[in-house]
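What follows is a short report on a single structure.
Number of protein chains: 2
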Amino acid sequence: MGSEVKKFELFFERERKKIEKKISRSLKNREPISLYEPGFYVMEEGGKRLRPLLVLMSVKAVGGKLSNAYNAAVAVEFLHNFTLVHDDIMDNAEKRRGKVTLHKKYDVNTAILAGDSLLSVAYEFLLKDCNGNSKKILEAFTKGLVDVCEGQSLDKEFEIRKDVLLNEYILMIQLKTAAMIEMCCKIGAILGNGSDKEIKALSSFGKNIGIAFQIQDDLLDITGNEIELGKFIGGDLVEGKKTYLFIKALEKAKGNARKKLLKVIQEKGIANHEISDYKDLYIQLGVLNEAKKEIKKYTNRALNAIKDLSSENRNHFIWLAELLINRNK
Amino acid sequence: MGSEVKKFELFFERERKKIEKKISRSLKNREPISLYEPGFYVMEEGGKRLRPLLVLMSVKAVGGKLSNAYNAAVAVEFLHNFTLVHDDIMDNAEKRRGKVTLHKKYDVNTAILAGDSLLSVAYEFLLKDCNGNSKKILEAFTKGLVDVCEGQSLDKEFEIRKDVLLNEYILMIQLKTAAMIEMCCKIGAILGNGSDKEIKALSSFGKNIGIAFQIQDDLLDITGNEIELGKFIGGDLVEGKKTYLFIKALEKAKGNARKKLLKVIQEKGIANHEISDYKDLYIQLGVLNEAKKEIKKYTNRALNAIKDLSSENRNHFIWLAELLINRNK
């Protein structure tokens, strides 16, 4: 599969550059500058452009023309960045991808409005690629938006709730993270004129890989490499986040171990020097392995969903799944 | 025209009630409650439902079926309320329609997210009425959203700029206020299967009446009745807002009068006891009459745009225009 991997990497890099170029042109010469300059600050050179690439890979997987989907690919990136800008305000985050967050660089009002505007431009771009099947595409896109708002609300709710269950957590990450990845695959498949079966298969791939991706994110917070990750290990524990690991640990722990975990909730986080202690607790309770099993479960579901794709296309998605799951950052 | 007026009033009241009922059901039983309860707080029993009614009047004007447009009518109200929630955060407003604003009742984060969610539900509702002509309707709706973001950004920009010109002001209110009224008429006309000429005519009605409506709003701040208006007179001057009246006054004033106006900009507003003094200045400079002339100009343009409608439909819009322009609140 060596030469195939090379091909996928080349596809990824070539298409990423096209997306980058299209994004960098997208807000040029638009007025008022007071609105589009902050928007551009967020959009330029940010991240891996994973969501647009999933749109394009899905178009390709059903035998469609990539040229019919570049605006839609840009649209999902605008939608994604809208969520990041508003989430960062809500989390009072200082940095995002190593850059000062928008509301810190400007102010909260500018960031609220620039976020809204990114969403408006997302729909504008999406509509450019809607020909004949507009309703279906816009329904999928809008469902992604509805879900991400619901997921974010659950996430905020869980910050203050003390009794979050594992199935509630899975629902939250499905809405907040996986639904948008599912949507990217879905609209790619629709834009590529895929059959209903293909649309369903790719949507299912997206949803399941999205859940796996988020649990992997939770796991990396404990097992990741600080240098590669670009942030310190154990941040979720310090912030008292109710991650997969934490909820699973609480489910399994008894006696003193349980008391120790409840303390994290009560005190809304732990001190830096306690991190290794809690990591040991996670290991004792076996939750790191449980998380790995869960990631594998959802990854297998994702790959199983696309078993009827051609072997080349399937391999392309397998390659992507590995990129996402075996990542260090 | 007496019996005709009665008929319009009955139409207005009957349809308003239907819209009200549909809105009150729209968010029921949706979860998470942490998201949809704040959204419902904003949507319930709020305002005249002018925008949904414009959608329905436009459907009717082109001979379409109202029953095909109730979801779209609700959608424009959701979109409108999304803008109000975010604008109120940006303005740090305490009250809206006599009710505590959302971000004051809950908090800023809840209001940001509830606003986003209202917008997501707006698209969801709109899509229910999109059959066959989805792209055109969604393009018009999305343009309304893009414009309102641009208009709001200009409005915030003008708060700190000292040299706002009258044509810039007109552009701002066109984007911030008129574009959405235009959009309501436009999507109504499209949903009713109007001809291109009819769609254009009703859009032009909406745009021009929207501009007239906003200048009327500026005028009422000085000439309105405090009790009917439900807020004190001269609030725009106290806040140092660059309204039509203020910009026009600055354009005309010389010598001491000009100095007095520049003081409003420098000091970002005036004291309550200075209001009557500035009202006198506006009268001396003749800007109240200029505003009335401008309102008449845009109202005439609006009515001229729909001159080819049937006399009953035209009268209905004339009745609405009078309701909007000869209002006291």
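Residue numbers (my numbering), protein chains in the order written: chain A, 1 to 329; chain B, 1001 to 1329. Cβ atoms here follow ideal geometry from the backbone N, Cα and C, with glycine treated the same way.
Within the segment 1294-1314 of chain B, no residue has its Cβ closer than 7 Å to any Cβ of chain A. In the DSSP assignment, B/P1038 falls within the unbroken alpha helix (DSSP H) covering I1033 to M1043.
With a threshold of 9 Å between beta carbons, A/V146 makes contact with chain B. Of all alpha-carbon atoms in A/Y36, A/E77, A/E159 and A/L56, the one lying nearest the alpha-carbon of A/E267 is that of A/E159. Check the Cα spacing between B/L1285 and each of B/N1326, B/M1057, B/A1257 and B/G1192: the tightest is with B/A1257. By the rule that beta-carbons nearer than 9 Å mark a contact, A/V121 touches chain B.
In this model, A/K17 and A/L10 are separated by some 11 Å (Cα to Cα). Flagged as an interface residue toward chain B: A/I112, by a C-beta distance shorter than 9 Å. Proximity of chain A to B/I1089 at the Cβ level (cut-off 9 Å) is accounted for by V108, N109 and I112, in chain order. As far as DSSP is concerned, A/K22 takes part in no beta bridge. From the beta-carbon of A/T142, the residues of chain B found nearer than 8 Å are S1120, Y1123, E1124 and L1127. Counting C-beta pairs closer than 8 Å gives three or more between the segment 1075-1095 of chain B and the segment 1046-1066 of chain B, which meets the contact rule.
Contact check for A/K207 against A/A291 fails: the beta carbons are separated by 9 Å or more.
Secondary structure in the segment 1155-1232 of chain B: the alpha helix (DSSP H) runs of 4 residues or longer, each lying completely within the stretch, are 1166-1173, 1179-1191, 1196-1223 and 1226-1229 in chain order.
When 8 Å is used as the limit between beta carbons, B/S1134 is near these residues of chain A: C130, S134, K135 and L138, in chain order. Cβ neighbours of A/K162 within its own chain (closer than 7 Å, five residues either side excluded): I265.
In the three-state reduction of the DSSP assignment, B/V1100 falls in the strand class, which pools E and B. Counting of Cβ neighbours within 10 angstroms places B/G1255 among the exposed residues, the total staying below 16. Taking 9 Å as the cut-off, the beta carbon of B/M1172 is found no closer than this to the beta carbon of B/G1210. Secondary structure at A/K95: strand, using DSSP grouped into helix, strand and coil. Taking a Cβ-Cβ threshold of 9 Å, none of the residues of chain B is close to A/K162; the smallest such distance is about 15 Å. Between B/A1093 and B/T1101, the C-beta gap is smaller than 9 Å, which places the two residues in contact. In its chain, beyond the 5 residues on either side, L1079 and L1119 have a beta carbon closer than 8 Å to the beta carbon of B/L1145. Using a CB distance cut-off of 9 Å, A/C149 counts as an interface residue toward chain B. The residue from B/E1037, B/F1141 and B/I1222 with its alpha-carbon nearest to that of B/E1274 is B/I1222. Residue contact with chain A for B/S1203: absent (no Cβ-Cβ distance below 9 Å to any residue of chain A). Listed in chain order, the non-local C-beta contacts of B/V1108 below 8 Å within the same chain comprise I1089, local neighbours out to five positions each way being set aside.
The C-beta of A/K156 comes closer than 9 Å to at least one C-beta of chain B. With a 10 Å radius around the Cβ and a threshold of 16 neighbouring Cβ atoms, B/N1081 comes out buried.
Buried is the label assigned to B/K1135, since at least 16 other Cβ atoms lie within 10 Å of its Cβ.
In the DSSP assignment, B/K1259 falls within the alpha helix (DSSP H) that extends over G1255 to Q1266. Sequence-distant Cβ neighbours of A/E150 in its own chain, meaning closer than 7 Å and more than five residues away, are L175.
Membership of A/S117 in the alpha helix (DSSP H) is indicated by the continuous run V108 to K128. Close to chain B, meaning a Cβ-Cβ distance shorter than 8 Å, are the following residues of the segment 30-63 of chain A: E31, P32, S34 and L35. CA-to-CA, the gap between B/R1314 and B/D1217 works out to about 24 Å.
For B/E1322, the enclosing alpha helix (DSSP H) begins and ends at S1311 to I1325.
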